[in-house]
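Chemist: Heads up: the sequence shown runs through residues 26 to 952, numbered per this note's numbering. The structure's right below; bear with me while I get my questions together.
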Amino acid sequence: MQDFRNPKLPLKERVRDLLSRLTVEEKIGLLSTHQLPVERLGIGEWYVGQEVARGYVSRDPEEPSIVFPQPIGLASTFDPNLMEQLGEIAGEEARFYHRKDPKGHLMLWGPTVDPERDPRWGRTEEGYGEDPFLIGEMTTAYTQGMAGNDPVYRRTIPTLKHFCANNNEKDRILCSSNVTPRTLHEYYYRAFESSIVRGGTGSMMTAYNELSGVPACMNPDLQPLVKDKWGLEFIVTDGADFSQNVLAHRSHATHAEALAACLKNGNDVMTDADDMVAAAARDALDRGLLTEADIDRAVGNSLSGRFRLGEFDGDSCPYNTEPAETDTLLHRAVNRVAAMEQMCLLHNNGILPLHLRPGAKVAVIGPLGSENYRDWYTGISSYAISVADGLRRQLGEENVLFDDGYDVTALQSVQTGKYFSVAEDGTLHAAADTVGEREKFLLHDWDFGSMNLRACCNGKYVTEDGAYKAISDTPYEWFIREWLRPETYGDAMRFRSWHDKPMDIALQANGTLRAVRHGKPSADRLFRLVPVENGIRRAAELAKQADVVILCLGNHPMQVARECYDRPDLELPAHQKALLRAVADANPNTVLTLVSSYPYALGEAQELVPAILYTTHAGPELGSAVAATLLGENNPAARCPITWYRSAQDLPDIMEYDIIEAERTYLYDTVTPLFPFGHGLSYSSFVYHDLTAEEKPEGMLFRLTLENTSDRDGDEVVQLYFRALHPRVKRPNRQLCGFQRVSVPAGASVPVTIFVPWYALEYYDVTQEKMLVEQGDYRFSVGASSADIRLELECTVSGEVIPLRDLSRPTCVKNYDSKDGMETTLRFSYGKNDWYGCTNDWGGSFTFADAEFAGYTKAELWAAAPCAKATVTVYAGETALGSIDILPSRNMEDFQLYTIPLKAYSGKADLRLVVSGMASLYRVQLG
26 MQDFRNPKLP
36 LKERVRDLLS
46 RLTVEEKIGL
56 LSTHQLPVER
66 LGIGEWYVGQ
76 EVARGYVSRD
86 PEEPSIVFPQ
96 PIGLASTFDP
106 NLMEQLGEIA
116 GEEARFYHRK
126 DPKGHLMLWG
136 PTVDPERDPR
146 WGRTEEGYGE
156 DPFLIGEMTT
166 AYTQGMAGND
176 PVYRRTIPTL
186 KHFCANNNEK
196 DRILCSSNVT
206 PRTLHEYYYR
216 AFESSIVRGG
226 TGSMMTAYNE
236 LSGVPACMNP
246 DLQPLVKDKW
256 GLEFIVTDGA
266 DFSQNVLAHR
276 SHATHAEALA
286 ACLKNGNDVM
296 TDADDMVAAA
306 ARDALDRGLL
316 TEADIDRAVG
326 NSLSGRFRLG
336 EFDGDSCPYN
346 TEPAETDTLL
356 HRAVNRVAAM
366 EQMCLLHNNG
376 ILPLHLRPGA
386 KVAVIGPLGS
396 ENYRDWYTGI
406 SSYAISVADG
416 LRRQLGEENV
426 LFDDGYDVTA
436 LQSVQTGKYF
446 SVAEDGTLHA
456 AADTVGEREK
466 FLLHDWDFGS
476 MNLRACCNGK
486 YVTEDGAYKA
496 ISDTPYEWFI
506 REWLRPETYG
516 DAMRFRSWHD
526 KPMDIALQAN
536 GTLRAVRHGK
546 PSADRLFRLV
556 PVENGIRRAA
566 ELAKQADVVI
576 LCLGNHPMQV
586 ARECYDRPDL
596 ELPAHQKALL
606 RAVADANPNT
616 VLTLVSSYPY
626 ALGEAQELVP
636 AILYTTHAGP
646 ELGSAVAATL
656 LGENNPAARC
666 PITWYRSAQD
676 LPDIMEYDII
686 EAERTYLYDT
696 VTPLFPFGHG
706 LSYSSFVYHD
716 LTAEEKPEGM
726 LFRLTLENTS
736 DRDGDEVVQL
746 YFRALHPRVK
756 RPNRQLCGFQ
766 RVSVPAGASV
776 PVTIFVPWYA
786 LEYYDVTQEK
796 MLVEQGDYRF
806 SVGASSADIR
816 LELECTVSGE
826 VIPLRDLSRP
836 TCVKNYDSKD
846 GMETTLRFSY
856 GKNDWYGCTN
866 DWGGSFTFAD
876 AEFAGYTKAE
886 LWAAAPCAKA
896 TVTVYAGETA
906 LGSIDILPSR
916 NMEDFQLYTI
926 PLKAYSGKAD
936 LRLVVSGMAS
946 LYRVQLG
């Protein structure tokens with residue numbers, strides 16, 4: 026037996042043996058996500074990557090799977106135990122399909138753990154909220170379930186996405202997120218650490234964006250931090266991102282140079298065309314940019330994953346033989362619990378739960394009432410229940426009324442005056458003089474250029490298929506060909522097509538519609554939407570006939586905001602806002618049920634309706650869970666994992682990634698939100714008693730008593746927050762450090778114990794370049810949300826005393842405490858493989874707080890002036906100690922050593938480097 030096939034040998038020894046048997050060319054064939062077979066050794070073809078955001082994701086109708094609620098909804102459950110069960114289901118279903126096609130399916134891409142510091146992000150539904158501790162706890166459980174508990178083998182290998190600071194879709198493949206060492210380590214990195222160190226994560230995907238100037242796929246922290254310290258096995262790039270280093274970021278002139286930077290910094294697998302990756306590897310080897318040892322390290326890392334999955338071990342791997350099924354009754358039952366647990370009651374004046382008399386009429390109104398939409402990272406469920414269907418099952422068909430509230434319209438050509446008719450094959454023809462059934466369309470307007478027409482005669486969406494035809498079942502493809510992007514022109518409008526390139530929809534000589542190159546608004550490109558029936562008026566009339574209205578508003582997860590597209594605003598679509606006003610006016614017993622991938626600004630809605638129930642697109646059990654919650658069978662307990670703002674005006678620019686300086690998220694924000702982080706109501710009421718704290722070697726142990734003072738059994742999410750009272754630097758106003766979802770019977774009291782590990786209290790100390798617990802006084806607060814605090818106590822926490830900065834040691838400018846200036850920021854030096862500080866023509870300053878001055882007489886500064894001469898002055902507090910001119914340099918990172926004579930100064934003060942003009946500063950040291 027070849028050593029690499031001997032399961033009794035240590036894993037590292039087996040990997041080394043296999044590498045020793047591979048030729049260089051065979052190793053190169055293993056550098057991309059399509060890993061080529063090595064037939065002479067009996068090694069098969071292998072594919073890295075299988076989406077798993079909401080359970081196993083296949084878009085093949087022949088591969089059904091359990092579709093979980095959207096991750097932002099799963100996060101709102103605050104239930105790690107449930108997450109581990111869901112992870113087991115995803116892992117089991119992946120194994121089921123792997124056995125049918127053993128070329129992959131097991132290196133799973135998910136969960137997405139990017140902290141969501143802006144709710145306008147187009148992929149908000151994929152993440153687990155804005156708090157890194159919550160994200161870490163929930164995804165640790167999810168990945169543990171997927172991976173299993175065997176000490177050697179893994180059921181699957183989860184891959185965290187996307188490392189890191191990846192919260193905007195516009196220009197994502199070339200933009201740079203402005204980050205600092207503190208924001209990286211305390212916020213963006215922190216969300217990833219827990220499931221790598223304490224969960225089942227075995228891999229990680231790097232992000233498309235740059236991190237203050239360096240593409241994330243060659244982040245210099247990948248190897249020393251993520252791999253060497255946290256122990257991650259292997260890392261992959263995002264889809265086609267490796268090639269973007271040359272084509273979009275332009276960080277390197279050739280793919281060979283980019284590959285060398287990726288591999289040397291710790292990335293192992295390129296999610297790109299295998300022939301292009303192979304060509305780059307050969308070129309890099311020929312030019313001496315890479316050695317065979319570099320290739321071995323990367324290939325060995327991904328191969329170790331294949332060993333852990335049991336590819337070479339047959340029955341020795343328990344996951345090769347454990348039962349694996351898909352879409353079982355047990356899986357469905359767990360998924361139904363998940364849908365129930367993520368129901369979040371945002372607002373309730375007492376109308377919920379509903380108390381309906383026999384035969385009462387319930388009107389389900391709105392565009393989300395009869396739908397159960399999928400987002401892009403969704404598998405195919407064998408069934409799907411809408412809100413209307415869920416209520417019909419509970420109340421009977423005859424007692425549930427329905428109207429979607431859509432306007433009915435006709436499309437008229439300005440050039441000919443003819444109305445467009447739907448032919449038998451679905452093709453639209455401008456041929457009718459009057460409006461009949463084949464000329465009527467439901468108008469779906471999601472705002473921001475996302476409009477669809479759905480033919481009344483056949484229920485199909487108008488889509489581009491050469492000509493425009495009403496043949497689509499639903500908008501669901503990577504490119505949404507159903508998009509009509511309206512632009513008003515006088516009393517008419519023209520439509521841009523679905524293409525991201527400038528294209529118009531134009532009338533052809535034969536009366537059909539086609540996409541053509543963008544041009545002037547000539548008559549053949551102008552149209553009118555002629556009203557046929559007012560959907561809002563129709564819906565309001567229906568509302569008057571009902572005892573209660575369930576108004577279902579929200580988003581279409583494939584339109585407006587999704588991968589590649591951010592949301593421009595937080596407002597509901599204009600048509601939905603008008604529908605809300607009309608229906609609420611027609612029937613005061615209107616409950617807003619929001620089905621959405623993300624938060625909306627609902628201040629007006631809160632004033633208009635007595636209750637707001639929020640759910641994500643929750644999978645096949647959506648309708649059942651909504652109905653059970655409205656009718657009181659399910660007592661809601663979900664909590665907002667992300668802040669709900671009153672307006673987009675309460676948010677900084679979406680490209681602002683420095684959450685500390687910009688005061689983003691509940692951690693630093695001073696704005697009063699609509700619904701704060703952790704908010705969520707219940708049909709029960711709870712009282713908190715007797716909070717105590719005890720310090721243990723591994724952390725802090727908190728105890729309290731939770732009393733259910735209502736006559737209804739319920740769950741309460743007990744949330745524990747902390748604040749450092751006298752920190753060295755600016756720290757969060759309040760920060761989650763523990764939570765527990767607790768079931769309490771009606772009228773009962775239960776003890777609650779929350780253990781807070783020391784890592785939950787850490788922050789990143791730039792003076793020592795490490796995460797630590799700062800010694801001092803802390804306030805711990807427990808309550809039902811970050812704003813609903815019930816009990817508090819203060820205590821002194823053991824930890825490290827932060828020493829004064831030792832200026833006799835080199836201080837990297839990136840480790841400043843504060844900065845000043847119009848564009849004072851960090852950039853990346855490929856020569857140093859590190860970040861440096863820079864100012865623009867207006868100058869600026871960097872401050873290093875709490876430094877110890879010991880009568881130093883000189884400062885050694887590595888600096889460059891890429892434009893004209895710049896001047897740097899060294900200060901101790903407000904006392905100028907010396908200055909020097911930085912001479913014009915070849916570029917931003919042409920650092921030269923400058924020695925600055927200093928006036929002697931002794932004592933504690935802030936070191937300040939004040940720059941006049943454009944300059945780059947890398948490092949300073951006093952002596």
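The C-beta atom is built at its ideal place from N, Cα and C for all residues, glycine as well.
Tell me, to the nearest whole angstrom, how far the beta carbon of G225 is from that of M163; I am working on the premise that it is less than 8 angstroms.
Modeler: That pair is no contact at about 13 angstroms.
Chemist: Taking the C-alpha atoms as reference points, what is the distance between Q440 and R84?
Modeler: When rounded, the distance between both Cα atoms is 41 angstroms.
Chemist: Using the C-alpha atoms, what's the distance from V807 back to V425?
Modeler: C-alpha separation (whole angstroms): 42 angstroms.
Chemist: Between which two residues does the alpha helix (DSSP H) carrying I561 extend?
Modeler: Here the alpha helix (DSSP H) through I561 covers G560 to K569.
Chemist: If contacts are defined as beta-carbon pairs under 8 angstroms, then L61 and D299 qualify, I think. What distance do you get, rounded to the angstrom?
Modeler: Their Cβ separation, rounded to whole angstroms, is 7 angstroms, which keeps L61 and D299 in contact under 8 angstroms.
Chemist: Am I right that Y178 and G335 are in contact with their C-beta atoms under 8 angstroms? What's the rounded C-beta distance?
Modeler: That pair is a contact at about 5 angstroms.
Chemist: Mark D196 as exposed unless 16 or more other C-beta atoms lie within 10 angstroms of its C-beta, in which case mark it buried.
Modeler: D196 is exposed by the Cβ-count criterion.
Chemist: Where does Y431 land, buried or exposed, given buried means 16+ other C-beta within 10 angstroms?
Modeler: Buried: at least 16 other Cβ atoms inside 10 Å.
Chemist: Quick one, are the C-beta atoms of V769 and F103 less than 7 angstroms apart?
Modeler: No, the pair does not count as a contact, with Cβ atoms beyond the cut-off.
Chemist: So what's H600 in DSSP terms, helix, strand or just coil?
Modeler: Helix at H600.
Chemist: Quick check for students: name the residue ranges of the beta strand (DSSP E) that lie wholly in the stretch 867 to 891, counting only runs of 3 or more.
Modeler: List check, beta strand (DSSP E) in window: 869 to 879 and 883 to 889.
Chemist: So is E462 buried or exposed if we call it buried at 16+ other beta carbons inside 10 Å?
Modeler: Under this definition E462 is an exposed residue.
Chemist: Need the endpoints of the alpha helix (DSSP H) that T53 sits in, please.
Modeler: Looking at the sequence provided, one finds Ile at residue 53 rather than Thr. That run of the alpha helix (DSSP H) goes V49 to I53.
Chemist: Between which two residues does the beta strand (DSSP E) harbouring A934 extend?
Modeler: Start and end: S931 to S941.
Chemist: Just the Cα atoms here: how many angstroms apart are W860 and S237?
Modeler: Rounded to the nearest angstrom, the two C-alpha atoms are 8 angstroms apart.
Chemist: Which partner residues of K844 appear in the DSSP bridge assignment?
Modeler: Per DSSP, F871.
Chemist: Given this structure, state the Cα-to-Cα distance separating Y691 from T231, to the nearest angstrom.
Modeler: Y691 and T231: Cα-Cα distance of roughly 26 angstroms.
Chemist: Any idea what DSSP makes of K465, helix, strand or coil?
Modeler: Reduced to three states, the DSSP call for K465 is coil.
Chemist: Restricting to Cα atoms, I'd like to know which of F871, A663, T896 and N916 is closest to D935.
Modeler: Measuring from the Cα of D935, the nearest candidate turns out to be F871.
Chemist: Kindly identify the DSSP beta-bridge partner or partners of A586.
Modeler: Answer is none; A586 lacks a bridge partner.
Chemist: Which runs of the beta strand (DSSP E) fall wholly inside the stretch 445 to 492 and span at least 3 residues, in chain order?
Modeler: If we require 3 residues or more, the beta strand (DSSP E) runs fully inside the stretch 445 to 492 come out as 453 to 457, 466 to 470, 476 to 480 and 486 to 490.
Chemist: Report yes if the CB atom of N840 is closer than 7 angstroms to the CB atom of P206, and no otherwise.
Modeler: Closer than 7 angstroms, so yes.
Chemist: Taking just the CA atoms, how far does A630 sit from R562?
Modeler: R562 and A630: Cα-Cα distance of roughly 19 angstroms.
Chemist: Over what stretch of residues does the beta strand (DSSP E) that includes L729 continue unbroken?
Modeler: Note, L729: beta strand (DSSP E), G724 to N733.
Chemist: Looking at the unbroken alpha helix (DSSP H) that takes in L538, where does it start and where does it end?
Modeler: Taken as a continuous stretch (DSSP letters only), L538 belongs to no alpha helix (DSSP H), being part of the beta strand (DSSP E) at L538 to R542.
Chemist: Taking all protein chains shown into account, decide if T717 is buried (16 or more other Cβ within 10 angstroms of its Cβ) or exposed.
Modeler: It is exposed - the Cβ of T717 has fewer than 16 other Cβ atoms within 10 Å.
Chemist: Using the rule of at least 16 other Cβ atoms within 10 Å of the residue's Cβ for burial, across every protein chain shown, is M847 buried or exposed?
Modeler: Exposed, because fewer than 16 other Cβ atoms sit within 10 Å of the Cβ of M847.
Chemist: Could you tell me the alpha carbon to alpha carbon distance between S998 and D529, rounded to whole angstroms?
Modeler: In the structure as shown, the chain begins at 26 and stops at 952. Residue 998 is therefore absent and cannot be evaluated.
Chemist: Below 7 angstroms CB to CB, which residues in the same chain sit around E588 once its five sequence neighbours on both sides are set aside?
Modeler: So the qualifying residues of the chain are G147, R148, E194 and W401.
Chemist: Residue range of the alpha helix (DSSP H) that I97 falls in?
Modeler: Looking at the DSSP string, the run of the alpha helix (DSSP H) that includes I97 is P96 to S101.
Chemist: Is the beta carbon of S811 closer than 7 angstroms to that of R17?
Modeler: Any answer about residue 17 is impossible in this case: the structure gives the chain only from 26 up to 952.
Chemist: Specify whether the stretch 633 to 653 and the stretch 673 to 680 touch according to this definition: at least 3 beta carbon pairs, one from each stretch, less than 8 angstroms apart.
Modeler: No, they do not touch.
Chemist: Using the beta-carbon count (16 or more within 10 Å), is Y233 buried or exposed?
Modeler: Classification for Y233: buried.
Chemist: Could you pull out every residue in the same chain whose Cβ sits closer than 7 angstroms to the Cβ of I505, ignoring the five residues on either side in sequence?
Modeler: Within the same chain, I505 has close Cβ partners W523, M583 and Q584.
Chemist: By how many angstroms is the C-alpha of L927 removed from the C-alpha of T896?
Modeler: Cα to Cα, T896 sits roughly 15 angstroms from L927.
Chemist: Would you identify the three-state DSSP class for Y784, choosing helix, strand or coil?
Modeler: Helix.
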